[in-house]
Structure formats: structure tokens, C-alpha cells
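Just so we're aligned, residue 1 is where the sequence shown starts under our numbering, counting upward by one. Accompanying notes for the structure given below.
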Amino acid sequence: ALNRTEGLLCVVKDARGVVADVSLRVPLVDTVGFAATVAHLKSQLRSVYPGQPPEARQRIVYRGQPLEDSTKLTDLAAASDGAKSDALPFFLVFAAAPSPPADASPPTPVQTTPAKDAAPTQGAGATSGAA
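Here it is in C-alpha cells:
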């Protein structure tokens with residue numbers, strides 16, 4: 001799995017089983033000399049995976065464990081040296097697209113304010129009428 005000259009062969013499987021497996025080699029060191037991480041894998045996946053999913057929506061799973069973006073690919077490769085294949089298998093899961101609840105929140109207090117004004121009037125009238 002660990003080929004220092006060609007990079008790490010990563011086979012990414014769609015957890016939904018909809019998209020065919022995507023194989024790519026990720027360099028072990030980035031352009032400024034840092035060890036390649038899951039974030040590097042996500043970046044490369046965005047350019048080659050169908051639909052070009054943004055990195056923020058990608059969740060990479062390895063051996064049943066979701067990986068942090070900071071996880072070094074070399075650490076994963078070293079841990080799997082006994083593997084019979086020269087490729088590391090990953091699963092790609094997509095997080096739900098972020099919804100804009102922040103935009104929906106401000107109208108709620110505005111709508112609540114008139115309801116509060118109306119509620120005491122109705123409540124007072126109902127209490128007076130009932131008593």
C-alpha cells in the first residue's frame with residue numbers, strides 16, 4: 001500500500017453502492033513537504049469523483065471508523081502493512097447538505113412577538129369570560 005515514489009493507492013467505495021469505485025494515488029507528501037492527510041484525499045476526490053462533492057460534505061471511513069481530516073495517510077498505510085492488497089480501501093459517505101436555518105431563525109422571533117401580544121389579550125378575555 002505504501003509506495004514512496006508513486007504515492008498511496010486509495011480505492012474509494014461509495015457507501016451507498018451507487019457510484020463505481022474510484023481509485024487514485026495520493027502523494028505521501030504535499031507540495032510544501034507536509035505528510036498527506038485525509039484532507040488531501042478529500043481534495044483529490046473532489047476533482048475526480050462524480051458530482052464533485054465539496055470536501056465539507058465528504059466523510060471518509062476506514063475499517064469502520066470515520067477519519068478526521070488531520071489523519072495522516074502514511075499512518076493508515078503503516079497500520080495495514082500486513083494487508084494482501086497494495087491499495088487502502090476507504091468508504092465515502094456524504095454528510096447532509098447544510099441547510100440555512102440561520103436565515104430562517106430571524107423571522108421566527110418576529111412572528112412570535114405579535115403572537116405574544118395577541119395571546120395575553122385572548123388569555124385575559126378567556127379568563128374574564130370564564131370567571
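Quick reminder that beta carbons are idealized off the backbone N, C-alpha and C, glycines included. None of these values were measured; they are calculated from a predicted model.
By the Cβ criterion, the segment 86-99 is in contact with the segment 54-63, since at least three pairs of Cβ atoms, one from each stretch, lie closer than 8 angstroms. The C-alpha of Phe90 is placed about 13 angstroms away from the C-alpha of Arg25. Within the DSSP bridge table, the entry for Asp14 names Leu92 as partners. For Pro27, the closest C-alpha among the options Glu55, Leu8 and Ala87 is that of Leu8. In summary, Val38 is buried, with 16 or more beta-carbon neighbours lying within 10 Å of its beta-carbon over all protein chains present. Annotation for Leu73: Leu8, Cys10, Val26, Leu28, Ala35, Ala36, Thr37, Val38, His40, Leu41 and Leu88 place their beta carbon closer than 8 angstroms to its own, counting only its chain and skipping 5 residues before and after.
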